[in-house]
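K.L.:
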Amino acid sequence: MPRHAIPRAWNDKFPHVSSVAVAPDAALYASSLGQGVYRIDPNGEWEALEREWPEGATVNRLSVNRGVLTACTSKGLYVYNRDRWEATDVAVPAYGFLEGGGGRMLAATHYGIWCRTEDGWLNWAYPDSIIYDLLYLPQFIVAGRDNGMALYDRLTGEWMEFVLADAVTSVAVYRGRLVGSGGCGQLIVGNRRGGFDTFRLPGIFIVSLISKGRDVYACTDKGLFRLGMFRDSVALLPVRLGFPVADADWDGETLVMATLFRGIESI
Numbered sequence: 000m001p002r003h004a005i006p007r008a009w010n011d012k013f014p015h016v017s018s019v020a021v022a023p024d025a026a027l028y029a030s031s032l033g034q035g036v037y038r039i040d041p042n043g044e045w046e047a048l049e050r051e052w053p054e055g056a057t058v059n060r061l062s063v064n065r066g067v068l069t070a071c072t073s074k075g076l077y078v079y080n081r082d083r084w085e086a087t088d089v090a091v092p093a094y095g096f097l098e099g100g101g102g103r104m105l106a107a108t109h110y111g112i113w114c115r116t117e118d119g120w121l122n123w124a125y126p127d128s129i130i131y132d133l134l135y136l137p138q139f140i141v142a143g144r145d146n147g148m149a150l151y152d153r154l155t156g157e158w159m160e161f162v163l164a165d166a167v168t169s170v171a172v173y174r175g176r177l178v179g180s181g182g183c184g185q186l187i188v189g190n191r192r193g194g195f196d197t198f199r200l201p202g203i204f205i206v207s208l209i210s211k212g213r214d215v216y217a218c219t220d221k222g223l224f225r226l227g228m229f230r231d232s233v234a235l236l237p238v239r240l241g242f243p244v245a246d247a248d249w250d251g252e253t254l255v256m257a258t259l260f261r262g263i264e265s266i
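In this text, residue positions in the sequence shown follow numbering that gives the first Met the number 0: the first is 0, and each later residue adds one.
1) Would residue 167 and residue 131 be called neighbours here (beta carbons separated by less than 8 Å)?
2) When you measure from the CB of residue 252 to every non-hydrogen atom of the ligand SAH, does any distance come out below 7 Å?
3) Inspect the beta-carbon positions of residue 91 and residue 75 and report whether they are closer than 8 Å.
4) Does the separation of the CB atoms of residue 240 and residue 226 fall below 8 Å?
5) For residue 84, which residues from the same chain have a beta carbon less than 6 Å from its beta carbon, with the 5 sequence-adjacent residues on both sides left out?
6) Round the Cβ separation of residue 63 and residue 28 to the nearest angstrom and send it over; I've been treating them as touching at under 8 Å.
7) Less than 8 Å separating the beta-carbons of residue 26 and residue 37?
8) Of the residues 257, 215, 251, which one's Cα is nearest the Cα of residue 237?
9) Note down, in chain order, each residue of its chain lying with its Cβ closer than 7 Å to the Cβ of residue 121, except the 5 sequence neighbours on either side.
10) Since residue 317 and residue 152 should fall inside the 8 Å C-beta cutoff, what is the C-beta to C-beta distance between them, to a whole number of angstroms?
11) Mapping the DSSP letters down to three states, classify residue 222 as helix, strand or coil.
12) Here's the rule I'm using: 16 or more other beta-carbon atoms within 10 Å means buried, otherwise exposed. How should residue 190 be labelled?
13) How would you label residue 201, buried or exposed, when you count the other beta carbons within 10 angstroms and need 16 or more for buried?
14) Around the Cβ of residue 170, are there at least 16 other Cβ atoms within 10 angstroms (buried) or fewer (exposed)?
15) In this structure, does DSSP put residue 175 in helix, strand or coil?
16) Going straight from the alpha carbon of residue 73 to that of residue 143, what length do you get?
17) Just confirm the distance between the C-beta atoms of residue 263 and residue 16, as a whole number of angstroms; I'd bet it's less than 8 Å.
18) In the structure shown, what three-state DSSP assignment does residue 147 receive?
19) Does the beta-carbon distance from residue 204 to residue 222 come in below 8 Å?
What follows is the structure, encoded as structure tokens:
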């Protein structure tokens, strides 16, 4: 995506960007709280994706998988197909969407994990828990929950639970360690002793962790950071500071950030 195609100034009707997703055709999708979803083509032209959009829905996360745009919203999981939004069977608040190996589709929702089957979407696990994020690994499926983390062993078919003092709102893997962001902005790091350590970083609130290749980025209220190592400990390395970053995506050449006050920024 050419850098000049990313608009830095946002229109007055769309002041705060909450999520971004880059498509294979170099288009950019963006959302804002209560303002729906927009498509920005590589030339910087805007288009509101309004047809069949659920009235009053708030976007929690956008994602593009195999060229298909999915919106996790306060009113459920929606897919953009044939120039219109289509509702799925997931009609509860959704926070994350994941397509893993073999095309298996999972949704993180206010009422557990939902799985796409031949019979449609079905509630698969933790119906009484809020699931904020999901991560698909070769052997495990990792879930960020309202009270910690849970790991599903795909070989044994069993869950392992790690109860923490706070919710885990996003999950990633960095250098072989499970990492996450806490509900109070903490950094949560696997300690390789069967548990997790929680770090409160002075003056920094981590909104979410974003994995791009081997790197993991932290979107925070102070800017964008990249995870690094310092004396065998995970550290935050500044990338772009000075404004809150809510989300980020990568098109292979350019890192695109959703900021809460400065529209879309790119690196």
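Don't be surprised by glycine CBs; every beta carbon is placed ideally from N, CA and C.
P.N.:
This is what the structure holds:
1) The residue you call residue 167 lines up with position 168 of the sequence shown. The residue you call residue 131 lines up with position 132 of the sequence shown. Cβ distance < 8 Å, so residue 167 and residue 131 count as in contact.
2) As far as ligands go, the structure on display features none, and thus does not contain the ligand SAH.
3) In the sequence shown, the residue the question calls residue 91 occupies position 92. In the sequence shown, the residue the question calls residue 75 occupies position 76. Contact flag set, yes.
4) Indexing the sequence shown from 1 puts residue 240 at position 241. Indexing the sequence shown from 1 puts residue 226 at position 227. Cβ distance not < 8 Å, so residue 240 and residue 226 don't count as in contact.
5) The residue you call residue 84 lines up with position 85 of the sequence shown. Hits under 6 Å: 51, 52, 77.
6) Indexing the sequence shown from 1 puts residue 63 at position 64. Indexing the sequence shown from 1 puts residue 28 at position 29. Yes, residue 63 and residue 28 are in contact; Cβ-Cβ is about 7 Å, under 8 Å.
7) Residue mapping note: residue 26 aligns to position 27 of the sequence shown, counting from 1. Residue mapping note: residue 37 aligns to position 38 of the sequence shown, counting from 1. Against a cut-off of 8 Å, the Cβ pair of residue 37 and residue 26 comes out as no contact.
8) Working through the sequence shown from its first residue, we reach residue 237 at position 238. If we check each option's Cα against that of residue 237, 215 comes out closest.
9) Counting from 1 along the sequence shown, the entry for residue 121 is found at position 122. Counting only Cβ-Cβ distances below 7 Å, and skipping sequence neighbours, we find 113, 114.
10) The requested residue 317 does not occur in the structure, where the chain is confined to residues 0 to 266.
11) Counted from its first residue, the sequence shown places residue 222 at position 223. Reduced to three states, the DSSP call for residue 222 is strand.
12) Looking up residue 190 in the sequence shown gives position 191. So residue 190 counts as exposed.
13) Here the question's residue 201 lines up with position 202 in the sequence shown. The residue is exposed, with fewer than 16 neighbouring Cβ atoms inside 10 Å.
14) Along the sequence shown, read from residue 1 onward, the residue named residue 170 stands at position 171. Residue 170 comes out buried.
15) Translated into the one-based positions of the sequence shown, residue 175 becomes position 176. DSSP places residue 175 in coil when its eight states are reduced to three.
16) Numbered from its first residue, the sequence shown carries residue 73 at position 74. Numbered from its first residue, the sequence shown carries residue 143 at position 144. Those two C-alpha atoms are separated by around 18 Å.
17) Counting from one through the sequence shown, the residue named residue 263 turns up at place 264. Counting from one through the sequence shown, the residue named residue 16 turns up at place 17. Between residue 16 and residue 263 the Cβ distance is about 6 Å, and since that is below 8 Å, they are a contact.
18) The count along the sequence shown starts at 1 and reaches residue 147 at position 148. Strand, per DSSP.
19) Working through the sequence shown from its first residue, we reach residue 204 at position 205. Working through the sequence shown from its first residue, we reach residue 222 at position 223. Result no, Cβ atoms of residue 204 and residue 222 do not sit closer than 8 Å.
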